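Some notes on the structure that comes next.
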Amino acid sequence: MSDSSSHKPQLSIWFFVGLLCLLYGLVLVFTGIREFSHPPAVVLANLHATFWWGLLMTLFGAFYVIRFRPGTAE
Amino acid sequence: MQQHLIHLTPVDTLILVIYIAMVLFIGFYVKDSAATGEEFFLAGRKMTAWIAGLSFLSANLGSLELMGWAGASYQYGILAAHWYWIGAIPAMLFLGIVMMPFYYISKTHSVPGYLQLRFGEGARGLSAVCFVFMTILMSGVNMYAMAVVMQTVLGWDQNFSIWFGAVIVTVYVMLGGLRSAIINEVLQFVLIWAGAALIPILGLIEAGGWTNLKAQIAANVQSTAYTHLWSTLGTFKGNPMGIHWTGIVFGLGAIISFGYWTTDFLVVQRVLSANNLRAARMAPVIGAAFKMFVPLIVILPGLLANALLHNPDGSVMHLVPAEVAKATGQHSYDEVLPLMLLRYCGPGLLGLGITALVAGFMSGMAGNVSAFSTVWTYDIYRAYVNKDEKDGHYVSMGRWSTLFGMLISVGTAYLVAHAASIMDYVQALFSFFIAPLFGTVIVGMLWKRATRAGGFYGLLAGTASSIGMWVYTSFGSVEHKATALARIALSRDAQPMAENMYRALWSWLACVLVTVLVSYATKPRPESELQGLVYGCTAIPSDEEVALWQRPVFWATIVAVVLVIINIVLW
Numbered sequence: 137m138s139d140s141s142s143h144k145p146q147l148s149i150w151f152f153v154g155l156l157c158l159l160y161g162l163v164l165v166f167t168g169i170r171e172f173s174h175p176p177a178v179v180l181a182n183l184h185a186t187f188w189w190g191l192l193m194t195l196f197g198a199f200y201v202i203r204f205r206p207g208t209a210e
Numbered sequence: 097m098q099q100h101l102i103h104l105t106p107v108d109t110l111i112l113v114i115y116i117a118m119v120l121f122i123g124f125y126v127k128d129s130a131a132t133g134e135e136f137f138l139a140g141r142k143m144t145a146w147i148a149g150l151s152f153l154s155a156n157l158g159s160l161e162l163m164g165w166a167g168a169s170y171q172y173g174i175l176a177a178h179w180y181w182i183g184a185i186p187a188m189l190f191l192g193i194v195m196m197p198f199y200y201i202s203k204t205h206s207v208p209g210y211l212q213l214r215f216g217e218g219a220r221g222l223s224a225v226c227f228v229f230m231t232i233l234m235s236g237v238n239m240y241a242m243a244v245v246m247q248t249v250l251g252w253d254q255n256f257s258i259w260f261g262a263v264i265v266t267v268y269v270m271l272g273g274l275r276s277a278i279i280n281e282v283l284q285f286v287l288i289w290a291g292a293a294l295i296p297i298l299g300l301i302e303a304g305g306w307t308n309l310k311a312q313i314a315a316n317v318q319s320t321a322y323t324h325l326w327s328t329l330g331t332f333k334g335n336p337m338g339i340h341w342t343g344i345v346f347g348l349g350a351i352i353s354f355g356y357w358t359t360d361f362l363v364v365q366r367v368l369s370a371n372n373l374r375a376a377r378m379a380p381v382i383g384a385a386f387k388m389f390v391p392l393i394v395i396l397p398g399l400l401a402n403a404l405l406h407n408p409d410g411s412v413m414h415l416v417p418a419e420v421a422k423a424t425g426q427h428s429y430d431e432v433l434p435l436m437l438l439r440y441c442g443p444g445l446l447g448l449g450i451t452a453l454v455a456g457f458m459s460g461m462a463g464n465v466s467a468f469s470t471v472w473t474y475d476i477y478r479a480y481v482n483k484d485e486k487d488g489h490y491v492s493m494g495r496w497s498t499l500f501g502m503l504i505s506v507g508t509a510y511l512v513a514h515a516a517s518i519m520d521y522v523q524a525l526f527s528f529f530i531a532p533l534f535g536t537v538i539v540g541m542l543w544k545r546a547t548r549a550g551g552f553y554g555l556l557a558g559t560a561s562s563i564g565m566w567v568y569t570s571f572g573s574v575e576h577k578a579t580a581l582a583r584i585a586l587s588r589d590a591q592p593m594a595e596n597m598y599r600a601l602w603s604w605l606a607c608v609l610v611t612v613l614v615s616y617a618t619k620p621r622p623e624s625e626l627q628g629l630v631y632g633c634t635a636i637p638s639d640e641e642v643a644l645w646q647r648p649v650f651w652a653t654i655v656a657v658v659l660v661i662i663n664i665v666l667w
């Protein structure tokens with residue numbers, strides 16, 4: 137894969153994708169942990185979707201951030 | 097005026113702010129790699145198949161489409177999925193397998209640029225002027241629609257929404273050009289799924305699975321037609337959309353979708369950024385594979401809303417058209433997605449869903465304005481105004497035309513805000529051009545006998561016939577309109593969507609017929625001039641040296657087979 141510029145080494149697009157997902161995942165995980173004691177007024181709140189979705193996004197984001205971290209552009 | 101639907105908490109706002117900050121950062125970050133024309137307008141032709149493919153798909157995955165089609169699936173049932181399956185996948189595969197080699201090998205910067213190479217200045221000029229005009233008007237219409245949605249959903253002031261979106265998009269497209277737009281489109285693609293995928297998952301859990309969902313919808317709407325793709329299309333009256341299968345297959349599947357996905361430069365530009373021919377052919381196939389699953393986050397929420405939304409007193413909630421909602425205070429069809437988000441998503445997840453909608457709106461604007469600046473700069477300014485400047489001059493023109501285009505869009509948005517009927521006219525105008533353009537491009541690519549005059553007059557005749565049919569069915573007495581509709585759309589029972597399908601079909605036929613007749617009456621171009629432009633005169637590199645699983649044709653076949661299976665299962 138090469139989405140880099142001819143001018144200087146560039147961060148991969150996938151790094152940005154991973155970073156965004158990681159940040160959002162962390163925000164959701166912390167929000168989700170709080171919701172275990174303060175459940176939101178939504179349908180199926182007992183499934184704790186915020187926490188689990190946040191955890192999934194954190195793992196997805198962390199994988200992409202590490203895999204495409206600066207200096208590893210292919 | 098009704099209260100707005102959603103109140104953002106600080107966590108939701110934080111999620112939105114993170115997105116805006118990242119978008120602006122990307123614009124500044126890629127600024128240095130948008131110094132030449134090739135880099136600014138085509139992202140240096142360095143994108144991989146995956147990036148070009150996701151960007152190609154995302155350019156069409158704007159929030160208006162998402163909310164509109166979710167509303168359509170509430171209103172018409174699963175028939176709305178035709179616009180994602182037969183109305184998109186075959187055309188996307190056709191672009192990748194058949195048409196992309198000619199676009200890519202000819203090294204054109206744009207679709208009008210290809211027409212110039214194939215048919216000369218007349219066809220290029222006509223298509224470029226129409227495209228620039230339509231794109232910028234559509235951008236303004238989208239901007240206004242975004243402002244309305246943001247006011248309804250979040251309570252944002254319309255002026256704030258218009259300028260908020262316009263300023264951010266202008267900054268990152270002016271700085272980073274197509275590369276910046278593409279990165280944001282890929283981000284938007286991920287965001288849309290992250291923000292919306294929980295709705296079908298939790299919805300199906302609540303409904304008790306697909307079979308129970310179908311039973312609940314049938315009970316609520318007193319019909320089983322809402323969950324069948326094809327079995328109700330034998331008559332115009334047998335389905336909620338008032339459409340016949342011939343309109344879906346020949347109008348939507350064969351003409352409108354091919355016109356949009358293969359000749360609308362807004363989407364084709366993304367594929368032209370690919371780093372080699374195989375990537376350029378693979379990109380639409382990848383886009384098609386993901387497109388097949390978009391109904392999960394668009395159509396399924398509409399169906400779920402049909403079954404699951406209830407009023408506080410326990411009765412079934414009935415959504416209504418926007419104009420009725422305005423008068424009665426009920427919720428409109430287009431509010432399906434926000435309503436379903438509210439149903440399942442608490443703080444944080446709600447912010448993610450709203451950020452996905454905002455990203456979709458901004459990405460749609462960026463797509464319009466980046467395509468506008470390319471066609472304006474290369475196909476109008478450089479072609480007819482100032483031919484012999486250095487590359488840097490055209491990059492500057494691209495940046496300034498981005499700003500200029502966005503200002504016209506803002507002006508159009510305010511114009512539409514004061515005269516809503518303009519919106520319908522602009523959308524109709526766009527449909528006038530796309531079907532005939534597909535006729536001209538496809539004949540040009542596949543038939544070497546087609547001449548310059550044939551291409552130009554065919555495009556002109558197709559466009560003029562489309563406008564003529566629209567005028568014929570849109571003005572006059574009620575009786576006249578009914579008669580006109582019966583002639584154009586083959587039935588007095590046809591709905592506006594069906595009329596659009598048939599108008600596209602007839603205008604495409606008019607374009608092809610005139611192109612063929614004029615071509616036979618005029619002198620053909622020598623084959624030596626058609627190399628790289630036309631089938632039979634172009635050496636297309638073979639895929640035989642790569643493994644089977646790396647070939648676009650292999651994956652296109654798999655996507656096509658899955659498409660057929662889905663349609664049979666949901667027949």
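Residue numbers (my numbering), protein chains in the order written: chain A, 137 to 210; chain P, 97 to 667. Glycine is no exception: its CB is placed at the ideal position from the N, C-alpha and C atoms. As the structure is a computational prediction, the values presented were derived from the model and not from experiment.
1. Which residue wins for smallest C-alpha separation from Gln146 of chain A, given the options P:Tyr598, P:Leu101, P:Lys127, P:Val119?
2. In or out: Asp409 of chain P buried (at least 16 other Cβ within 10 Å) or exposed?
3. Under the three-state reduction of DSSP, which class applies to Ala643 of chain P: helix, strand or coil?
4. Bridge partners for Val412 of chain P per DSSP, in chain order?
5. Can you name, in chain order, every residue of its own chain whose Cβ lies under 7 angstroms from the Cβ of Leu294 of chain P, other than the five neighbours on each side?
6. May I ask you to list, following chain order, the residues of the region 420–441 of chain P that have a beta carbon less than 8 angstroms from some beta carbon of chain A?
7. Below 8 angstroms between beta carbons is the criterion; list the residues of the region 161–173 of chain A that meet it against any residue of chain P, in chain order.
8. Relative to the C-alpha of Phe457 of chain P, which candidate in P:Thr132, P:Met163, P:Thr323, P:Phe136 has its C-alpha closest?
9. Out of curiosity, what's the CA-to-CA distance linking Phe199 of chain A and Lys422 of chain P?
10. In terms of residues, what are the limits of the alpha helix (DSSP H) holding Glu485 of chain P?
11. Taking Leu283 of chain P as part of the alpha helix (DSSP H), name the residues at either end of that continuous run.
12. What in chain P is Cβ-close to Ile149 of chain A, meaning under 7 angstroms?
13. Could you tell me whether any non-hydrogen atom of the ligand PLP is closer than 6 angstroms to the CB of Leu329 of chain P?
14. I'd like to know whether the C-beta atoms of Val394 of chain P and Ala166 of chain P end up nearer to each other than 7 angstroms.
15. Measure the alpha-carbon distance for Met270 of chain P versus Trp496 of chain P and round it to whole angstroms.
16. According to the Cβ coordinates, are Val107 of chain P and Thr167 of chain A closer than 7 angstroms?
17. For the region 119–135 of chain P, which residues have a beta carbon sitting closer than 8 angstroms to at least one beta carbon of chain A?
18. Which residue wins for smallest C-alpha separation from Phe151 of chain A, given the options P:Thr105, P:Ile122, P:Ala117?
19. If the cut-off is 7 angstroms on Cβ atoms, which residues from the region 444–466 of chain P count as contacting chain A, listed in chain order?
20. Could you check what DSSP says for Ala370 of chain P in three-state terms: helix, strand or coil?
21. So Arg203 of chain A is in the alpha helix (DSSP H); what residue range does that whole segment cover?
22. Between Thr359 of chain P and Ile530 of chain P, how many whole angstroms is the CB-CB distance? I'm expecting something under 8 angstroms.
23. What distance in whole Å lies between the Cβ atoms of Gly154 of chain A and Gly197 of chain A, which are believed to be in contact at a cut-off of 8 angstroms?
24. Is it buried or exposed, Ala503 of chain P, if we count other Cβ atoms within 10 angstroms and call 16 or more buried?
25. Among the candidates P:Gly550, P:Leu222, P:Tyr172, whose CA atom is the shortest distance from the CA of Ala479 of chain P?
26. For Val649 of chain P, collect the residues of the same chain with a Cβ closer than 8 angstroms to its Cβ; drop the 5 residues on either side in sequence, then sort them by chain order.
27. Which residues in chain P sit within 7 angstroms of Thr186 of chain A, going by Cβ to Cβ distance?
28. Just the chain P side, please: which residues come within less than 7 angstroms of Pro176 of chain A by C-beta, in chain order?
29. Short check: CB of Val69 of chain P to CB of Tyr170 of chain P, under 7 angstroms?
30. Determine whether the beta carbon atoms of Ser206 of chain P and Asp475 of chain P lie at a separation below 7 angstroms.
31. Given Gly347 of chain P, which residues of its chain have a CB within under 7 angstroms of its CB, disregarding the five upstream and five downstream residues?
32. His178 of chain P to Ser369 of chain P, Cα distance in whole Å?
33. Anything in the region 281–314 of chain P with a Cβ closer than 7 angstroms to a Cβ of chain A? List those residues in chain order, please.
34. Assuming Gly133 of chain P and Tyr356 of chain P are in contact, meaning their beta carbons sit under 8 angstroms apart, how far apart are those beta carbons, in whole angstroms?
35. According to DSSP, which residues form a beta bridge with Ser54 of chain P?
36. If we ignore side chains and look at the alpha-carbon of each, how far apart do Met150 of chain P and Phe285 of chain P end up?
Judging by the given coordinates:
1. Closest option to Gln146 of chain A, Cα to Cα, is P:Lys127.
2. Exposed is the call here.
3. In the structure shown, Ala643 of chain P sits in coil (DSSP, three-state: anything other than H, G, I, E or B).
4. DSSP, once it has assigned bridges, lists P:His406 as partnering Val412 of chain P.
5. Counting only Cβ-Cβ distances below 7 angstroms, and skipping sequence neighbours, we find Tyr440, Cys441, Leu445.
6. Within the region 420–441 of chain P, the residues whose Cβ lies closer than 8 angstroms to some Cβ of chain A are Leu438, Arg439, Tyr440, Cys441, listed in chain order.
7. Shown in chain order are the members of the region 161–173 of chain A whose Cβ falls below 8 angstroms from a Cβ of chain P: Val163, Leu164, Thr167, Gly168, Glu171.
8. Checking every option, the nearest Cα to that of Phe457 of chain P belongs to P:Met163.
9. Lys422 of chain P has its alpha-carbon roughly 46 angstroms from the corresponding atom of Phe199 of chain A.
10. For Glu485 of chain P, there is no enclosing alpha helix (DSSP H), since its DSSP letter is neither H nor E.
11. 254–292 is the extent of the alpha helix (DSSP H) around Leu283 of chain P.
12. Simply Ile147, Ile279, Val282.
13. In terms of ligand content, the structure shown is empty, and the ligand PLP therefore cannot be addressed.
14. Yes, Cβ-Cβ distance for Val394 of chain P and Ala166 of chain P is below 7 angstroms.
15. Each residue's alpha carbon lies about 8 angstroms from the other.
16. Closer than 7 angstroms, so yes.
17. Under the 8 angstroms Cβ criterion, the region 119–135 of chain P contributes Ile122, Tyr125, Val126, Asp128, Ser129, Ala131, Glu135.
18. By alpha-carbon distance to Phe151 of chain A, the top candidate from P:Thr105, P:Ile122, P:Ala117 is P:Ile122.
19. So the list reads Gly444, Leu445, Leu448, given in the order they occur along the chain.
20. DSSP places Ala370 of chain P in strand when its eight states are reduced to three.
21. DSSP places Arg203 of chain A inside the alpha helix (DSSP H), whose first and last residues are 185–203.
22. About 7 angstroms separates the two Cβ atoms, so the contact holds.
23. Sure, about 5 angstroms apart at Cβ, within 8 angstroms.
24. In the sequence as displayed, the identity of residue 503 of chain P is Leu instead of Ala. An exposed status is given to Leu503 of chain P, since fewer than 16 other beta-carbon atoms sit within 10 Å of its beta-carbon.
25. Considering only alpha carbons, the answer is P:Leu222.
26. Only Ile193, Asp639 meet the Cβ criterion.
27. Residues of chain P with a Cβ closer than 7 angstroms to the Cβ of Thr186 of chain A are, in chain order, Gly442, Gly444, Leu445.
28. Per Cβ cutoff of 7 angstroms: Gly442, Pro443.
29. Chain P is shown from 97 up to 667; residue 69 of chain P falls before or after that span and cannot be answered.
30. Cβ distance < 7 angstroms, so Ser206 of chain P and Asp475 of chain P count as in contact.
31. Contacts found: Met597, Tyr598, Ala600, Leu601.
32. Here the C-alpha atom of His178 of chain P lies approximately 29 angstroms from the C-alpha atom of Ser369 of chain P.
33. Those residues of the region 281–314 of chain P that come within reach of chain A (Cβ to Cβ, closer than 7 angstroms) are Val282, Leu283, Val286, Ala290, Leu294, Leu298, Ile301, Glu302.
34. Contact doesn't hold; Cβ gap of about 26 angstroms is too wide.
35. Any answer about residue 54 of chain P is impossible in this case: the structure gives chain P only from 97 up to 667.
36. Just to set this straight, residue 150 of chain P is Leu in the shown sequence, not Met. Cα to Cα, Leu150 of chain P sits roughly 7 angstroms from Phe285 of chain P.
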